[in-house]
């Protein structure tokens, strides 16, 4: 029951932060050099269309009213028309969002699991060859430059060996052929996802491994581990049932904290592999000065980051009974 | 038959470049249902002995010589599997740092029941929990608190839960390592009462380790006084309390107001620790008196020659050769 | 016990202010035993030599200038040769001299932005920890907000709004968004220092808050700040490289990220491994070496880690 209050308090916090970000973005768009109107309304529109859009966005009103319009539009999901696509930006980002979620959540979950598992093994065999090799490899992978790794992956697995497609998310010829079963379609997406997924995992598992390892080393010195051993538990059960669950707890928090870092990586990966997600759309929008689209992508990402942090905190509170009141 | 027989046990800790002997040529034995108390200041090797009985020494510690025989079998030559079968089922332990001895993310009754399930794999979890509840009742944990997490318990309750955990498999030997040190005096008394009652009721042999001789005197049949990794005097409770022979034992008793009204200055821990290391680190330390730096009755003879055990009665022995005249007083 | 606390006061004060060199020396003795730390230092020395050497090629012949030096005989990308040790890029500029300049940019970006974020983070952390109360809450909430923002994307948005960013603006922005982690650590350190007797002693003798923070607390949190600086350096280098890779770097400089962007955008990644490999290896290695140095320093500063090692 204390849990509900805790979640509520954290949610209020998230909403406040989101408002701050919204406001900061509003101010920045007006502060930047040049005409704010031309930043939200495509200069190549016909005057009538432009006038209509300006009216809708409230750009002809005084600043205070503009801000109200802006908030209202954000919450009703109208954030302007993309210069490049000529469509409402909300439609575009809602179309791209699932693609990002597939790639991103899969990569975070898989690399966290891999990192936790390997960190557990490394800590268990501490100060042996296994440990040093695993730690050094993890350090090395963790510090690789992501876009470069992505290029190398494409060059090697896509071009030299030819196992995986070079870019994109689907092979159009598979999808336009009528009567393709959904399993084939699914496998096609999986085939395209393999390289970006692998790239993200190589970059991210290392940090999870290192955190898990040191957390596990701390845990192994705890008295309750000796208790478990004295009880006559075998070593494997001690490691998996007593040490690992305790050691993995701080990892949950660090997943949350490293989320911002992972999202940077996600955007880079999407861009290099031309994966049609939000991150790539943001990079594209910024390069082509498509301001409404860039703004919407950024707000969405910020919102998602905040929500994910909230989820992580709640999860932590749920997993660790000591926090739960 | 003797339940536990430890002979000539020496244990050392490896540090970066040297070996520190924490336990030196310790011998004792324990009959079923009896209680033996170890008394000594911190660093005297009591806990190391306790941990070694279950082969729970840290990785950097090793048994240098001697043997530990439990029911006639050498604990240190058992296979891992037969060792696990002895752990907790035959020898259970109440740990020094009871506060941290419970896993923070598991419910307490489940942790206690786990010990039972390990050794009775066929038992259902429900039966194990029912047995746990029964035992919790007898150590005085209210029923609505059984399924709590450790952080919700007070220190005394945690200690009760740990006692319940130690008893759940009905062991033959219970090692209680400073079970009451972290508790306040009132709770300490309650816990000691629980331990004593259960020990008598279930006729479990017990090794009770404490720095507080009054607590040990309260619980144990036999007492062994340790200093600098050695037992320096051992005997029945009455012999130790009434006719202490070793100068250190006398100081220990004198420093405890409830047992005597003489007063002595005790050597501070700082000094004795230093002496301890210097003594143990030297190579010719064989059988020299460990207390030589602080002894008030020291003679040239003490410093120059190795000490021998003096047998004062069938149960009372002392590791000091400078007492003959003294005892007759 | 007044005597001991006076002793504490004295020793903490002395050790922080006058015995800094001695502490450095004993720290070095621990550091020296860490193999990865030594490797990291050697690698960093190599990169420093590269950065220092980056001025030489243009002096030998203007065709080796990393930006404007175009070999009159070559107007396309060629492989390694005696004339161009690592080959040339798509308009015939020397890749080796670009690589050297990249090292210089990486050091400038990494060290200066890390330094700035450490200064901001340390001050915020000390003030928040020492002042407590509302100040603390506000500063730490602000830190939380900045912390969860993906720095790269924030800078991208700013680049979209304010146009092409120069290298110093990039450095400043990275610093501006990378201080919260430092502030958090320094704050918790300050909280524990605040309760030490020597701070009480200073307060009793009438030292101002300003003086207590900068004369008494700061010397004690500096080693920790220095440690965090190594990690900030890596993240600053990576962010700058990623920005340049995406095409938002300073067009007036050559950085390793920008070299990778050229390989990628001009479609040379399949034909020109001699061009694709070096900048990526350099970015990865320089971050790795800063990271290794940081971990070795961590061991110096955290006695717990050291003990674990000593016992094994």
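Chains as they are written, first to last, in the working numbering: chain W, 1 to 325; chain F, 1001 to 1329; chain R, 2001 to 2312. Ideal placement from N, C-alpha and C gives every residue a C-beta, glycine not left out.
{"query": "Using CA coordinates, which residue listed in R/2105, R/2238, R/2151 and R/2243 is at the minimum distance from residue 2052 of chain R?", "result": "R/2105"}
{"query": "For the segment 225-243 of chain W, which residues have a beta carbon sitting closer than 7 angstroms to at least one beta carbon of chain F?", "result": "226, 227, 229, 230, 231, 232, 233, 234 and 242"}
{"query": "Decide if residue 1272 of chain F is buried, meaning its Cβ has at least 16 other Cβ atoms within 10 Å, or exposed.", "result": "Residue placement at residue 1272 of chain F cannot be trusted, given a pLDDT of 44 that sits under 50; what the coordinates show is reported in the next sentence. Buried, since its Cβ has 16 or more Cβ neighbours within 10 Å."}
{"query": "Buried or exposed: where does residue 178 of chain W fall if 16 or more other Cβ atoms within 10 Å of its Cβ makes it buried?", "result": "exposed"}
{"query": "Is it the case that the Cβ atoms of residue 216 of chain W and residue 247 of chain W are separated by a distance below 7 angstroms?", "result": "yes"}
{"query": "Identify which residue in R/2257, R/2196 and R/2288 has its Cα closest to the Cα of residue 2040 of chain R.", "result": "R/2288"}
{"query": "Quick one: what does DSSP say residue 88 of chain W is sitting in, helix, strand or coil?", "result": "strand"}
{"query": "Which residues in chain R sit within 9 angstroms of residue 296 of chain W, going by Cβ to Cβ distance?", "result": "Residues of chain R passing the Cβ test: none, with the nearest at roughly 11 angstroms."}
{"query": "Considering residue 1066 of chain F, what are the terminal residues of the beta strand (DSSP E) in which it resides?", "result": "1061-1070"}
{"query": "Given that residue 246 of chain W touches chain R, what residues does it touch there, using C-beta distances under 8 angstroms?", "result": "Ordered by position in chain R, no residue passes the 8 angstroms Cβ test against residue 246 of chain W, which lies about 17 angstroms from the chain."}
{"query": "What residues of chain R sit near residue 283 of chain W, judged by a beta carbon separation below 7 angstroms?", "result": "2156 and 2246"}
{"query": "Taking CB distances under 7 angstroms as the criterion, tell me whether residue 223 of chain W reaches chain F.", "result": "yes"}
{"query": "Could you check which residue in R/2301, R/2299, R/2291 and R/2300 has the C-alpha nearest to that of residue 2043 of chain R?", "result": "R/2291"}
{"query": "By alpha-carbon positions, which one of R/2139, R/2237, R/2298 and R/2098 ends up nearest to residue 145 of chain W?", "result": "R/2237"}
{"query": "Could you compute how far the alpha carbon of residue 20 of chain W sits from the alpha carbon of residue 71 of chain W?", "result": "12 angstroms"}
{"query": "By Cβ distance, which residues of its chain are closer than 7 angstroms to residue 2111 of chain R, with the 5 residues on each side in sequence left out?", "result": "2233"}
{"query": "For the 8 angstroms Cβ check, are there 3 or more pairs between the segment 305-312 of chain W and the segment 246-266 of chain W?", "result": "yes"}
{"query": "Report yes or no: is there a C-beta of chain F within less than 7 angstroms of the C-beta of residue 322 of chain W?", "result": "yes"}
{"query": "Look at the alpha carbon of residue 2034 of chain R and the alpha carbon of residue 1226 of chain F, and state the distance between them as a whole number of angstroms.", "result": "40 angstroms"}
{"query": "Given a cut-off of 7 angstroms, decide if residue 2186 of chain R and residue 2126 of chain R are closer than it, judged by their beta-carbon atoms.", "result": "yes"}
{"query": "My parser needs the alpha helix (DSSP H) runs of 4 or more residues fully inside the segment 2272-2304 of chain R; what are they?", "result": "2273-2301"}
{"query": "Suppose the cutoff is 7 angstroms on Cβ atoms and the five residues either side in sequence are ignored; what does the same chain contact list for residue 2269 of chain R look like?", "result": "2263 and 2276"}
{"query": "What three-state label does DSSP hand residue 1029 of chain F in the structure shown?", "result": "strand"}
{"query": "Which residue spans inside the segment 2038-2111 of chain R form an unbroken alpha helix (DSSP H) run of at least 4?", "result": "2056-2060"}
{"query": "So, for residue 50 of chain W: in the same chain, excluding its five sequence neighbours on each side, which residues have a beta-carbon less than 7 angstroms away from its beta-carbon?", "result": "41"}
{"query": "Quick one: which chain R residues come within Cβ less than 9 angstroms of residue 63 of chain W?", "result": "Chain R residues near residue 63 of chain W: none, gap ~17 angstroms exceeds 9 angstroms."}
{"query": "So if I threshold CB-CB distances at 7 angstroms, which residues from the segment 2270-2289 of chain R count as touching chain W?", "result": "2270, 2276, 2280, 2283, 2284, 2287 and 2288"}
{"query": "Counting along the chain, where does the alpha helix (DSSP H) carrying residue 51 of chain W start and finish?", "result": "47-57"}
{"query": "For a test of the three-state rule: what should DSSP assign to residue 2270 of chain R, helix, strand or coil?", "result": "coil"}
{"query": "Tell me where the beta strand (DSSP E) around residue 1038 of chain F begins and ends.", "result": "1035-1039"}
{"query": "With the cut-off set at 7 angstroms, would you say residue 1020 of chain F and residue 1048 of chain F are in Cβ contact?", "result": "no"}
{"query": "Looking at the structure shown, is residue 1390 of chain F part of a helix, part of a strand, or coil, going by DSSP?", "result": "Only positions 1001 to 1329 of chain F appear in this structure, which leaves residue 1390 of chain F out of reach."}
{"query": "Go to residue 154 of chain W, then tell me how far its beta strand (DSSP E) extends in each direction, as first and last residue.", "result": "It is not in any beta strand (DSSP E) - residue 154 of chain W carries neither H nor E in the DSSP assignment."}
{"query": "If the criterion is Cβ atoms closer than 7 angstroms, does the pair residue 1178 of chain F and residue 1096 of chain F meet it?", "result": "yes"}
{"query": "From the beta carbon of residue 1192 of chain F, is the nearest beta carbon of chain W less than 7 angstroms away?", "result": "no"}
{"query": "Looking at C-alpha atoms only, which residue of F/1122, F/1174, F/1005 and F/1233 is the closest neighbour of residue 1316 of chain F?", "result": "F/1233"}
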